[in-house]
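Trainee:
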Amino acid sequence: MTKQRTSGVSRRTFLAGGTALTIGAPGLAGAQPAAVKVGLIHPVTGFVAYNGQQSRLGGTMAIEDVNKAGGIKSMGGAKLEALLGDSQSKVEVGVSEVEKMNEQGVAAYIGCFQSPVGIAASQAAAKYGTPFLVDVGASDLLMSRGLKNVFRLKPGFGVCVDDGIASLGALNKAANNVAKTAVIVHESGEFGTGTAKLLASKLPSIGIAAKELIAHDNPTRNFDNIALRIRSLAPDIVMMSNYGNEYMLLARTLYQQKVNVAGFFSILGGGFNYKFVKEMPDVSQYMMDVNHWYNPKSPQAQALKKRVEATGALFTFEVYLTYSNVMLLADALEHAGSADKEKLIAALAASTFKAELMPYGPTKFVNGQNQGGRPATMQSLKGEIEVIAPEEFASAKAVFPKPKL
Amino acid sequence: MFDPAFLLAGVLNGLLAGGIYVLVAVGLTLIYGVLHIINFAHGSLLMLAMYAVFYLWRLIGIDPYAALPVVTAGAFGFGYVLYRLLIGRYSHGRDENILLITLGLSIVIDNVALLFFGGDTQTIDVPYAGSFVEVGAAFLPLPKIISFGASLVICAALGLYMAKSDMGKAIRAVARERQGARLVGIDVENVFAVSYGIGIACLGAAACLLMPTYYVTPTSGHAFVLVAFTIVVLGGMGSFAGAAVGGFLIGITESLGGLFLGEQLGQIGISLIFILILLLKPTGLFGSKA
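Just so you know, the protein sequences line up as chains A and B, in that order. Reminder that position 186 of the first sequence reads as 932 in this note's numbering, one-by-one numbering, no gaps. Reminder that position 273 of the second sequence reads as 277 in this note's numbering, one-by-one numbering, no gaps.
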């Protein structure tokens, strides 16, 4: 017994210490608070798989960054945990991903790139009162259903059309109103059709009449007839609103078919990116696009661009929009101090999150839509993408009308 | 819009598009004619061939047209081996098993392609992409004219091969009477594999002709297969001549429909033809009763 006592730790002390350790284990033994599960639902397979993969890249990078920076501090350093969902570019699959993640205890969803998928998925999330952050979906229908759980940081196609009309109007005025007619080519889904209808209704306000709206399916094998139809209609400008593959194929066909107009102007042109202008500089030359764009003057955006490009990926809008949405969610969690859905929705609704990567004004959500979001107008010039509006972010002067072929 | 000049341009555009459709449909109809199955992996294998063309251009700088012999031969070899090692071996002589295997293959190939190539759109920007020939109101892109001509030559060569060569005769014999062919000493399993290989070789050639004007993603092959199925049904399942005539008919229908009814409504013409053929002449234009 004497030997045992000389160890310096009495039986009573040992028991007391053990009890203290057991009771205080979460703090003393370094146990982490439960991770906050974030559902990232994107079409990583199917016909818009590339866009979905880009969104997933941005989302997972942001989650990694939040966790590296210590997690959600107001929740004791709780980490974010990504639940990765594939909507397969299909509405019903997007909804089933929502249900599946709900079973797994998701705190909030971010998705879904395509508007129809986002509309159905956010509706499904509303049943459970789970916050749903729309990262890329453009349709304004996403935000006009009165759902309290849905938030969108970026502008919808309504704002993009308004900004695009203002940009085009200014360009046309400076060029002595050279453009008087337009043909609008759009994909036949909610995004393209909604954008085209809005455009057609607003073009007359800048003295341009929409001669015809031409819808096409996804995918479309051949744009020769659309090019022929455009040539027969002889508009002054061609406006486009479609997803990446069709945007690129249409642009190439219009170039090959020598469609000679004063300008090609797209709203949310899915294929207008670095790859397109680098690989097809002749085709893309002078094409203009109103789209989501990062703030070229933001050091954070430039740093992220470098990181993304170092992985071999392109710094497309999907990457920085989903990245920004994860950061918005992290900021809301920080303010809510909890992953409780009601508290989180209240924190999102009152958010003043600073979207460092984007050329946005102060964040203010009205009915879930951020009022500070705005697009930029870009032009492809000599294999580079230049910002031509808004003026404070402009890196080049627009060329309009474009030289004849 | 009913300006005759644009009508002619629409017909020419349809003919050029039809050239590629013919090549894809010929492969499909050959496989059906001999093996009596619909190859559900057709679109996925077309996509693989398009990636082969893309990477030959990207990595070694081989022009898509110059790559035609290599890719066509490679596609034949791939199809032959695929039949020998997988389709023939695991179908156990049952047609429905072949259907399931090709369907499974399609899913596996699409997803493996997505894993290795990513979902990004890949294109080839050839220096002659912007060259064109002006015919009335039509500006016919040079790559599409080349594709059209090459497609006709390949189809004619294939027709000649089927008519004159021993293997061609064996293929026709197996297509007509499998058991009889076996009785006269034809290696039927080999004929199946060669036929499958030739069907896939047609896809290899189509990929080379497509890439200067189209793009490739892991799902891009399927866009051509649905129309190829329609052509095969229209022309008569298993009929070469039917695939050729059907391809051009569908190309022109699609083109004029798109031109005069709008691109979306124009697709109705294809579906309408499909339904009418099934109702009025289920064997197709050149098909014979089984």
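Yeah, the Cβ is synthetic: ideal placement off N, Cα and C, and Gly gets one too. On a predicted model such as this, the values are computed, not experimentally measured, just so you know.
Give me, in chain order, the residues of the same chain whose beta-carbon lies closer than 8 Å to that of N101/B; leave out the 5 immediate sequence neighbours on both sides.
Mentor: Numbered from its first residue, the second sequence carries residue 101/B at position 97. Excluding five sequence positions before and after N101/B, the CB atoms of its chain that fall closer than 8 Å to its own CB belong to Y94, S95, given in chain order.
Trainee: Using the beta-carbon of each residue, which ones in chain A are nearer than 9 Å to P145/B?
Mentor: Looking up residue 145/B in the second sequence gives position 141. In chain order: D970, T999, Q1002, Q1003.
Trainee: Can you name, in chain order, every residue of its own chain whose Cβ lies under 7 Å from the Cβ of E1132/A, other than the five neighbours on each side?
Mentor: As a position in the first sequence, residue 1132/A is number 386, starting the count at 1. By the criterion of a C-beta distance shorter than 7 Å, E1132/A is surrounded in its chain by M1124, Q1125, S1141, A1142, once the five residues flanking it on both sides are discounted.
Trainee: How far does the beta strand (DSSP E) with E1132/A in it reach, from first residue to last?
Mentor: The residue you call residue 1132/A lines up with position 386 of the first sequence. Where E1132/A is concerned, the enclosing beta strand (DSSP E) stretches over 1130–1135.
Trainee: Using only the alpha-carbon positions, how far apart do G770/A and S1084/A sit?
Mentor: The residue given as residue 770/A occupies position 24 in the first sequence. The residue given as residue 1084/A occupies position 338 in the first sequence. Because G770/A sits at a pLDDT of 45, beneath the cut-off of 50, its placement in the model cannot be relied upon, and the point is left open.
Trainee: By Cβ distance below 6 Å, which residues in the same chain neighbour P772/A in space, the five residues on each side in sequence not counted?
Mentor: In the first sequence, residue 772/A corresponds to position 26, counting from 1. Because P772/A carries a pLDDT of 44, less than 50, the predicted location of this residue cannot be relied on, and no value is offered for it.
Trainee: Taking C-beta to C-beta, are V75/B and A53/B nearer than 9 Å?
Mentor: Taking the first residue of the second sequence as 1, we reach residue 75/B at position 71. Taking the first residue of the second sequence as 1, we reach residue 53/B at position 49. It is a contact, given that the beta carbons lie within the stated cut-off.
Trainee: Compare the C-beta of E258/B against all C-beta atoms of chain A and say whether one is closer than 9 Å.
Mentor: Translated into the one-based positions of the second sequence, residue 258/B becomes position 254. With 9 Å as the cut-off, E258/B counts as an interface residue toward chain A.
Trainee: Taking only beta carbons into account, state which residues of the stretch 1036–1066 of chain A come closer than 7 Å to chain B, listed in chain order.
Mentor: none
Trainee: Which ranges does the alpha helix (DSSP H) cover as unbroken runs of at least 4 residues, wholly within the stretch 983–1011 of chain A, from first to last along the chain?
Mentor: 990–1002
Trainee: Could you name each continuous beta strand (DSSP E) segment of 3 residues or more that falls completely within the stretch 903–967 of chain A, going from the start of the chain to the end?
Mentor: Fully contained in the stretch 903–967 of chain A are the following beta strand (DSSP E) runs of length 3 or more, in chain order: 927–933, 955–962.
Trainee: Just mark T1098/A as buried or exposed, buried being the case when its beta carbon has 16 or more other beta carbons within 10 Å.
Mentor: Taking the first residue of the first sequence as 1, we reach residue 1098/A at position 352. Looking at its Cβ environment, which holds fewer than 16 other Cβ atoms inside 10 Å, T1098/A is exposed.
Trainee: Who are the Cβ neighbours of M1033/A in its own chain at under 6 Å, not counting the five residues just before and after it?
Mentor: As a first step, residue 1033/A is located in the first sequence; it is residue number 287 there, counting from the start. F1010, S1126, listed in sequence order.
Trainee: Would you mind telling me which residues of chain A sit closer than 9 Å to D7/B, beta carbon to beta carbon, in chain order?
Mentor: What you label residue 7/B is simply residue 3 of the second sequence in a count that begins at 1. Correct list: S978.
Trainee: Does the beta carbon of A142/B come closer than 9 Å to any beta carbon on chain A?
Mentor: Taking the first residue of the second sequence as position 1, residue 142/B is located at position 138. Closer than 9 Å to the CB of A142/B there is at least one CB belonging to chain A.
Trainee: Step through the CB atoms of chain A and report whether any lies within less than 9 Å of the CB of G81/B.
Mentor: As a first step, residue 81/B is located in the second sequence; it is residue number 77 there, counting from the start. No - not a single Cβ of chain A is within 9 Å of the one on G81/B.
Trainee: Express the C-alpha separation of V784/A and A1096/A in angstroms, rounding to a whole number.
Mentor: Numbered from 1 along the first sequence, position 350 holds the residue referred to as residue 1096/A. Numbered from 1 along the first sequence, position 38 holds the residue referred to as residue 784/A. For A1096/A and V784/A, the distance between alpha carbons rounds to 20 Å.
Trainee: When you compare each of G18/B, A13/B, L50/B to V30/B by their alpha carbons, which one comes out closest?
Mentor: As a working note, residue 30/B is residue 26 in the second sequence. Out of G18/B, A13/B, L50/B, L50/B has the C-alpha closest to the C-alpha of V30/B.
Trainee: Return the chain-ordered ranges of every alpha helix (DSSP H) run that is complete within the stretch 854–908 of chain A and spans a minimum of 4 residues.
Mentor: 861–873
Trainee: Out of E1102/A, L1103/A, L1074/A, E1080/A, point me to the one whose CA is closest to F878/A's CA.
Mentor: As a first step, residue 878/A is located in the first sequence; it is residue number 132 there, counting from the start. For F878/A, the nearest C-alpha among the options comes from L1074/A.
Trainee: Closer than 9 Å between beta carbons: that is the criterion. Which residues of the stretch 198–232 of chain B meet it against chain A?
Mentor: T217, Y218, Y219, T221, P222, T223, S224, H226, A227, F228, V231
Trainee: I want to verify the contact list: residues of chain A whose CB lies under 8 Å from the CB of T127/B, in sequence order.
Mentor: For the purposes of this step, residue 127/B is taken as residue 123 along the second sequence, with counting starting at 1. Neighbours of T127/B on chain A, chain order: M994, R998, E1025, M1026.
Trainee: Determine the burial state of F58/B: buried for a count of at least 16 other Cβ atoms within 10 Å of its Cβ, exposed for fewer.
Mentor: The residue you call residue 58/B lines up with position 54 of the second sequence. When all chains shown are included, F58/B counts as buried.
Trainee: Starting from G792/A, find everything on chain B with Cβ-Cβ shorter than 8 Å and list it in chain order.
Mentor: As a first step, residue 792/A is located in the first sequence; it is residue number 46 there, counting from the start. Near G792/A (Cβ distances below 8 Å), the residues of chain B are T223.
Trainee: Report all residues from its chain with a CB closer than 6 Å to the CB of T1068/A; omit the five preceding and five following residues, and keep chain order.
Mentor: Taking the first residue of the first sequence as 1, we reach residue 1068/A at position 322. If we look at T1068/A and ignore the five residues flanking it on each side, its Cβ neighbours are S801, G804, G805, D881.
Trainee: When you compare the CB of N991/A with every CB in chain B, is at least one pair closer than 9 Å?
Mentor: Here residue 991/A refers to the residue found at position 245 when the first sequence is read from its first residue. It does: the Cβ of N991/A has a partner Cβ on chain B nearer than 9 Å.
Trainee: What is the DSSP secondary structure of D832/A, reduced to helix, strand or coil?
Mentor: To locate residue 832/A, count along the first sequence from 1; it is residue 86. D832/A: strand per DSSP, three-state reduction.
Trainee: Please classify Q799/A: does DSSP put it in a helix, a strand, or coil?
Mentor: Taking the first residue of the first sequence as 1, we reach residue 799/A at position 53. The answer is helix: DSSP assigns Q799/A an H, G or I state.
Trainee: What's the gap between the Cα of K957/A and the Cα of L979/A?
Mentor: Counting from 1 along the first sequence, the entry for residue 957/A is found at position 211. Counting from 1 along the first sequence, the entry for residue 979/A is found at position 233. About 8 Å.
Trainee: Specify, as a first and last residue, the run of the beta strand (DSSP E) that S1126/A falls within.
Mentor: The sequence position of residue 1126/A within the first sequence is 380, counting from 1. Segment 1122–1127, the beta strand (DSSP E) holding S1126/A.
Trainee: In the DSSP assignment, the beta strand (DSSP E) including G785/A goes from what residue to what residue?
Mentor: Translated into positions along the first sequence, residue 785/A becomes position 39. Judged by DSSP secondary structure, G785/A falls within the beta strand (DSSP E) whose first and last residues are 782–788.
Trainee: DSSP three-state call for T76/B: helix, strand or coil?
Mentor: Taking the second sequence and counting its residues from 1, one reaches residue 76/B at position 72. Three-state DSSP puts T76/B in a helix.
Trainee: Please decide whether F58/B counts as near chain A, where near means a Cβ-Cβ distance under 9 Å.
Mentor: As a first step, residue 58/B must be located in the second sequence, where it is residue number 54. No, F58/B does not count as interfacial toward chain A.
Trainee: Taking a cut of 9 Å between CB atoms, which residues from the stretch 114–125 of chain B lie near chain A?
Mentor: D114, N115, L118, G122, G123, D124, T125
Trainee: In this structure, how does DSSP classify I769/A when only helix, strand and coil are distinguished?
Mentor: In the first sequence, residue 769/A corresponds to position 23, counting from 1. A caution first: I769/A carries a pLDDT of 46, below 50, which makes its placement in the model unreliable, though a value can still be read off. Looking at I769/A - three-state DSSP - the assignment turns out to be helix.
Trainee: Indicate the three-state DSSP secondary structure (helix, strand or coil) for Y1020/A in the structure shown.
Mentor: On the first sequence, position 274 is the one that residue 1020/A refers to. Of the three classes helix, strand and coil, the one that applies to Y1020/A here is helix, per DSSP.
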